[in-house]
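Residue numbering for the sequence shown is 12 to 245, as defined by this note's numbering. Just so it is clear, CB atoms sit at the ideal spot from N, CA and C, and this is done for glycine as well. Here's the structure, in structure tokens; my notes come after.
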Amino acid sequence: MNRNEIARAVMADAWNLYRATVAEEPAAANRATFTFCLRFAWEREPSRYASKIRKSWEEMGAARQLDACRRMAFAAAGTYAAKTSGYVDFNRLDPEDLASDTWIIMQERVDTLEAVQAARNCRGQLPLPLGVLLHRAAAEALRRAIRRTDNDEIGGEAYDTATRAAESLQNTADSVMIREALESIREPEQRAVLELLIAGLTVREIAVAVNRSKSSVQRMIDSIRTAIAARLAA
């Protein structure tokens with residue numbers, strides 16, 4: 012698509028979002044709401060979103076990319092341990108191998124961002140920031156590594172069972188509440204922080220992922236909690 016085609020597609024998407032918002036909440040019929048819808052439409056336009064993520068990824072350079080992959084590999088291991096009560100033995104799973112696998116997965120996914128975002132738009136899902144994409148790549152690298160290992164403390168069968176159990180949570184009331192909470196947080200950076208928080212990352216790890224200070228991330232988390240509490244109380 013050329014620039015004019017992208018602009019027309021974004022404007023059409025913005026108007027659709029605005030009409031849907033006003034239909035649900037007539038009091039929101041104002042310029043500020045449309046401005047927000049327009050910004051959101053720009054954020055989720057597939058080709059623009061893909062270009063933005065690729066640019067951020069490429070500007071990091073190989074050394075910073077690998078360092079980020081290394082940190083995310085440890086973060087993914089912590090998330091796995093918290094969710095499954097499992098133990099990731101780094102004597103059997105080399106952190107450098109996990110970092111390399113994470114980098115490879117990221118490279119593969121960066122090449123398909125347009126299709127991924129187009130599909131997310133169809134499902135009404137928000138764009139995934141770079142930090143969330145990186146964490147998901149690290150989690151996938153860890154899953155693949157665990158499947159390959161014969162470590163008795165992890166065990167392929169036990170891991171598969173834990174994985175199925177974790178995946179089944181998507182159908183529980185808790186996961187519905189999480190999805191609703193995510194959808195109520197529309198600001199892209201706040202949503203990125205919330206997704207990483209739900210994934211089990213600490214404030215320090217989230218700060219690294221979104222390139223913000225710990226205090227700034229903590230303020231966003233407090234703001235998110237206040238917004239969700241207000242929504243649930245409404």
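Supposed contact pair T32 and A39 - C-beta distance, whole angstroms, cut 8 Å: As a first step, residue 39 must be located in the sequence shown, where it is residue number 28. As a first step, residue 32 must be located in the sequence shown, where it is residue number 21. Yes, A39 and T32 are in contact; Cβ-Cβ is about 5 Å, under 8 Å.
Can you list, in chain order, the residues of its chain whose CB lies under 8 Å from that of L212, leaving out five sequence neighbours each side? Position 201 of the sequence shown holds residue 212. Answer for L212: A86, G89, T90, H146 and A220, listed in chain order.
For A61 versus L124, is the C-beta spacing smaller than 7 Å? By 1-based counting over the sequence shown, the position of residue 61 is 50. By 1-based counting over the sequence shown, the position of residue 124 is 113. Going by C-beta atoms, A61 is nearer than 7 Å to L124.
Starting from the Cα of A74, find the closest Cα among A23, A110, K63 and P57 and give me that residue. The residue you call residue 74 lines up with position 63 of the sequence shown. Ranking A23, A110, K63 and P57 by Cα distance to A74 puts A110 first.
In the DSSP assignment, the alpha helix (DSSP H) including I196 goes from what residue to what residue? By 1-based counting over the sequence shown, the position of residue 196 is 185. No alpha helix (DSSP H) contains I196, which DSSP labels as neither H nor E.
For R202, which residues of its own chain have a beta-carbon under 6 Å away from its beta-carbon, when the five flanking residues on both sides are left out? Numbered from its first residue, the sequence shown carries residue 202 at position 191. L137 and I196, listed in sequence order.
Roughly how far, in whole angstroms, is the beta-carbon of R55 from the beta-carbon of N132, given that I think they are within contact range, below 8 Å? Within the sequence shown, residue 55 is the residue found at index 44, counting from 1. Within the sequence shown, residue 132 is the residue found at index 121, counting from 1. Yes, R55 and N132 are in contact; Cβ-Cβ is about 6 Å, under 8 Å.
Considering only C-alpha positions, which residue in the set F45, R65, I235 and M83 is nearest to D24? If you number the sequence shown from 1, residue 24 lands on position 13. Of F45, R65, I235 and M83, the residue nearest in Cα terms is F45.
Of the choices S224, T237 and V143, whose alpha-carbon is the least far from that of W68? As a first step, residue 68 is located in the sequence shown; it is residue number 57 there, counting from the start. Checking every option, the nearest Cα to that of W68 belongs to V143.
Look at the Cβ atom of V21, then the Cβ atom of R65, and state whether they are nearer than 7 Å. As a working note, residue 21 is residue 10 in the sequence shown. As a working note, residue 65 is residue 54 in the sequence shown. Not in contact: V21 and R65 (Cβ atoms no closer than 7 Å).
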